[in-house]
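Structure, as structure tokens:
2 protein chains.
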Amino acid sequence: MHATEISPLTKKLAAFVALSDGDLAVLARLHQKRRSFGAGREMVHEGETEQSAYILAKGWVCSYKLQPDGTRQIIDFQIPGDFLGLRSVLLRTSDHSFEPIVDILAAEVPKKDLLEAFTNTPRLATAILWVASRDEAMVVEHLVRLGSRDASKRMAHFLLELGARLTLVGLGSKSGYACPLRQYHLADALGLSSVHVNRVLRDLREAGLVSFRDGQVKFLDYAGLVKLAGFYTAYLDETGPLLL
Amino acid sequence: MHATEISPLTKKLAAFVALSDGDLAVLARLHQKRRSFGAGREMVHEGETEQSAYILAKGWVCSYKLQPDGTRQIIDFQIPGDFLGLRSVLLRTSDHSFEPIVDILAAEVPKKDLLEAFTNTPRLATAILWVASRDEAMVVEHLVRLGSRDASKRMAHFLLELGARLTLVGLGSKSGYACPLRQYHLADALGLSSVHVNRVLRDLREAGLVSFRDGQVKFLDYAGLVKLAGFYTAYLDETGPLLL
DNA sequence: CGTGCCCTTGACACGATTCAAGGCTAGTGG
DNA sequence: CCACTAGCCTTGAATCGTGTCAAGGGCACG
Numbered sequence: 510m511h512a513t514e515i516s517p518l519t520k521k522l523a524a525f526v527a528l529s530d531g532d533l534a535v536l537a538r539l540h541q542k543r544r545s546f547g548a549g550r551e552m553v554h555e556g557e558t559e560q561s562a563y564i565l566a567k568g569w570v571c572s573y574k575l576q577p578d579g580t581r582q583i584i585d586f587q588i589p590g591d592f593l594g595l596r597s598v599l600l601r602t603s604d605h606s607f608e609p610i611v612d613i614l615a616a617e618v619p620k621k622d623l624l625e626a627f628t629n630t631p632r633l634a635t636a637i638l639w640v641a642s643r644d645e646a647m648v649v650e651h652l653v654r655l656g657s658r659d660a661s662k663r664m665a666h667f668l669l670e671l672g673a674r675l676t677l678v679g680l681g682s683k684s685g686y687a688c689p690l691r692q693y694h695l696a697d698a699l700g701l702s703s704v705h706v707n708r709v710l711r712d713l714r715e716a717g718l719v720s721f722r723d724g725q726v727k728f729l730d731y732a733g734l735v736k737l738a739g740f741y742t743a744y745l746d747e748t749g750p751l752l753l
Numbered sequence: 510m511h512a513t514e515i516s517p518l519t520k521k522l523a524a525f526v527a528l529s530d531g532d533l534a535v536l537a538r539l540h541q542k543r544r545s546f547g548a549g550r551e552m553v554h555e556g557e558t559e560q561s562a563y564i565l566a567k568g569w570v571c572s573y574k575l576q577p578d579g580t581r582q583i584i585d586f587q588i589p590g591d592f593l594g595l596r597s598v599l600l601r602t603s604d605h606s607f608e609p610i611v612d613i614l615a616a617e618v619p620k621k622d623l624l625e626a627f628t629n630t631p632r633l634a635t636a637i638l639w640v641a642s643r644d645e646a647m648v649v650e651h652l653v654r655l656g657s658r659d660a661s662k663r664m665a666h667f668l669l670e671l672g673a674r675l676t677l678v679g680l681g682s683k684s685g686y687a688c689p690l691r692q693y694h695l696a697d698a699l700g701l702s703s704v705h706v707n708r709v710l711r712d713l714r715e716a717g718l719v720s721f722r723d724g725q726v727k728f729l730d731y732a733g734l735v736k737l738a739g740f741y742t743a744y745l746d747e748t749g750p751l752l753l
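Those sequence lines, one after another, are chains A and B. Just so you know, we're using the working numbering here: the first sequence kicks off at 510 and counts up by one. Just so you know, we're using the working numbering here: the second sequence kicks off at 510 and counts up by one.
What follows is the structure, given as structure tokens:
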């Protein structure tokens, strides 16, 4: 049904593993059951037991945890080509909630189909595990960002990481990308107040490093931003998976 | 050789899965190759490709990432019964470094043995994957701690989490536990200066909540501490794994 | 008896939050 | 077509939490 279009996930995987025609066919099959979700309506609540995962095809999602005092900490953003709830299918109930940031389109992947794909196409399985492992590395990097960098470095690093991820699925480049996030999303993700996010963005813009406006991130001085952020891509690049 | 003693890992797994004699035998076999490492000497460096994982039998380890500016962020502590480098065996090179905090004793688990155990004892495999997934949930919780809690809540939450983990392997209780960490370990883990860690510890002690002294953590008012920290154990308790 | 490591405390500086007010823009109903 | 509203962004001023700097104390070890 969507046979001719190349999905973002396929694009991402292809950057790291040579996929056979068989792999591609299975991947296409996993993309069959399309569903859409409206912006702002929670998809999965913390603690729910899911039977399906999703592959995000279009739009952005965030995963977060709510605190007793009402603040929320955004753990990660999902962009096209990312899995949603992969872990909860493989292992346990979800330990955080998901919410679409804009209207999204996602392919539902029932547990059964996923497990089948795993047994039938080992190379694809490896690639998917590699993706999961990369996601985990990004969470760790986010942790480091929160624990030991000041506001502008956090921001710089975060915007660069997003850029790198989007570039991999053809939605970004070293000059910038479209970004539907609000300043309060940045605040909740980076552990800052939205007022301060605003100030930091102004500073970065006035320093000629990066601008965040009208849904567009524009890198004005990529190298300078990388230097400020201490942005090393080792945790993202990974030359490819080895096994399981 | 160590046939009679119950390893911490076994204790931990047994709390969640009913292990058969076969499972126990395999587990015991994984514990055979004992090695020791001296405190402070880095075991694995970020980026290294490991061929073995370890099961920590005695002592504490921390995993961390170093920043360009020399500060380090501790990502997690490993206590007896925890795996070290499990991910790097299954999937990819390690993305952070490990360092023993005290002299430790660990069982080396070669990749081959681990994979064998996975195929031969599916129930054990599930249990181990469950452990890995729990570790990941703890990293997420740590991220939340750093992003959206002030210093005393971070500290309170952290000390409680450690207590819960240690209790599971018989090394702690609701009244306290032995803890070889220095104040600078807490600082590096919680994203605080060690000076401030010191102040926070004093405050908590004077508030009659918890004391951290001479290698002993003593809970003076467990319920009060839980309340201050907003400590909910859902992410740790997990009534048990379902599958793979 | 010294030396080094860690803990402790105080004074001060700085980064981030909070509070408050106002502006812009898109959407809504008169 | 024009109020009017609701979100979101922007800015300033005051406050608070945490970091930095500096000095001293305790304890273990050589």
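No residue lacks a Cβ here, since even glycine has one placed at the ideal position from N, Cα and C.
query, result
"Neighbour-count burial assignment, G679(B), 16 or more Cβ in a 10 Å radius", "exposed"
"Contact with chain B by Q587(A), beta-carbon distance below 9 Å", "no"
"Residues, ordered as in the chain, of the region 515-529 of chain A that lie near chain B by beta-carbon distance below 9 Å", "none"
"Ranges of the beta strand (DSSP E) found wholly within the region 659-745 of chain A, counting only runs of at least 3", "685-687, 719-722 and 725-728"
"Assumed close pair P689(B), V570(B) - CB separation to whole angstroms, cut-off 8 Å", "With a Cβ gap of about 11 Å, P689(B) and V570(B) do not count as contacting."
"Outcome for P589(A) when other beta-carbon atoms lying within 10 angstroms are tallied against a minimum of 16", "buried"
"Among F586(A), L623(A) and L575(A), nearest to V598(A) - alpha-carbon criterion", "L623(A)"
"Three or more C-beta pairs below 8 Å linking the region 536-552 of chain B and the region 618-636 of chain B", "yes"
"Neighbouring residues, chain B, relative to T742(A) (Cβ below 8 Å)", "Within 8 Å Cβ-Cβ: nothing; T742(A) doesn't reach chain B, min ~12 Å."
"From T630(B), S661(B) and K727(B), residue whose alpha carbon lies closest to that of L699(B)", "S661(B)"
"Environment of T742(B) [buried if 16+ CB atoms lie within 10 Å]", "exposed"
"Counted within 10 angstroms of its Cβ, other Cβ atoms place Q582(A) as buried (16 or more) or exposed", "buried"
"Pairwise C-alpha distance: A673(B) and E617(B)", "26 Å"
"Proximal residues, the region 566-598 of chain A versus chain B, C-beta separation under 7 Å", "K574, Q576, P577, T580, Q582, I584 and R596"
"Helix, strand or coil at A615(B) according to DSSP, with G and I counted as helix", "strand"
"Own chain residues within Cβ distance below 7 Å of H605(A), not counting five before or after", "E555, S572, Y573, K574 and I584"
"Contact with chain B by H705(A), beta-carbon distance below 9 Å", "no"
"D532(A) burial status per 10 Å Cβ neighbour count (16 or more: buried)", "buried"
"Rounded C-alpha distance that separates S720(B) from S682(B)", "14 Å"
"Span of the alpha helix (DSSP H), counted from its first residue to its last, around F525(A)", "Looking at the DSSP string, F525(A) is not in any alpha helix (DSSP H), and its letter there is neither H nor E."
"Closer than 7 Å at the beta carbon, the chain B residues around H666(A)", "Result: empty, since nearest Cβ-Cβ is about 11 Å, beyond 7 Å."
"Residue from L595(A), F740(A), A646(A) and L522(A) with nearest C-alpha to Y563(A)", "L595(A)"
"Length of the line joining the Cα atoms of M552(B) and L695(B)", "20 Å"
"Close beta carbons around A634(B), own chain, < 6 Å, minus the five adjacent residues each side", "F627"
"Any chain B beta carbon closer than 9 Å to L655(A)", "yes"
"Within chain B, the residues that E645(A) reaches when beta carbons sit closer than 7 Å", "E645"
"Exposure label - A512(B); buried when at least 16 CB within 10 Å", "Confidence is the limiting factor: at A512(B) the pLDDT is only 47, short of 50, which leaves the residue's position unreliable, though a coordinate-based value still follows. Exposed, because fewer than 16 other Cβ atoms sit within 10 Å of the Cβ of A512(B)."
"Complete runs of the alpha helix (DSSP H) confined to the region 527-607 of chain B [at least 4 residues]", "530-539 and 595-599"
"Minimum Cβ-Cβ distance from L753(B) to chain A less than 9 Å", "A caution first: L753(B) carries a pLDDT of 40, below 50, which makes its placement in the model unreliable, though a value can still be read off. So, interface residue."
"Residue-chain proximity (R466(B), chain A), Cβ-Cβ < 9 Å", "With chain B covering 510 to 753 only, the question about residue 466(B) has no answer from this structure."
"S702(A) classed as buried or exposed, judged by whether at least 16 other C-beta atoms fall within 10 angstroms", "exposed"
"Contact list for G733(B) against chain A, beta-carbon separation under 9 Å", "The contacting residues do not exist; G733(B) stays about 15 Å from chain A at best."
"Whole-number beta carbon distance between P609(B) and S561(B), since they are thought to touch under 8 Å", "Rounded, the Cβ-Cβ distance is 16 Å, inconsistent with contact."
"Cut-off 6 Å between Cβ atoms - residues of its own chain near K527(A), not counting five sequence neighbours on either side", "Here residue 527(A) turns out to be Ala, not Lys, going by the sequence shown. Same-chain partners within the cutoff: there are none."
"For F592(A) and V640(A), believed in contact at Cβ under 8 Å, the rounded distance", "7 Å"
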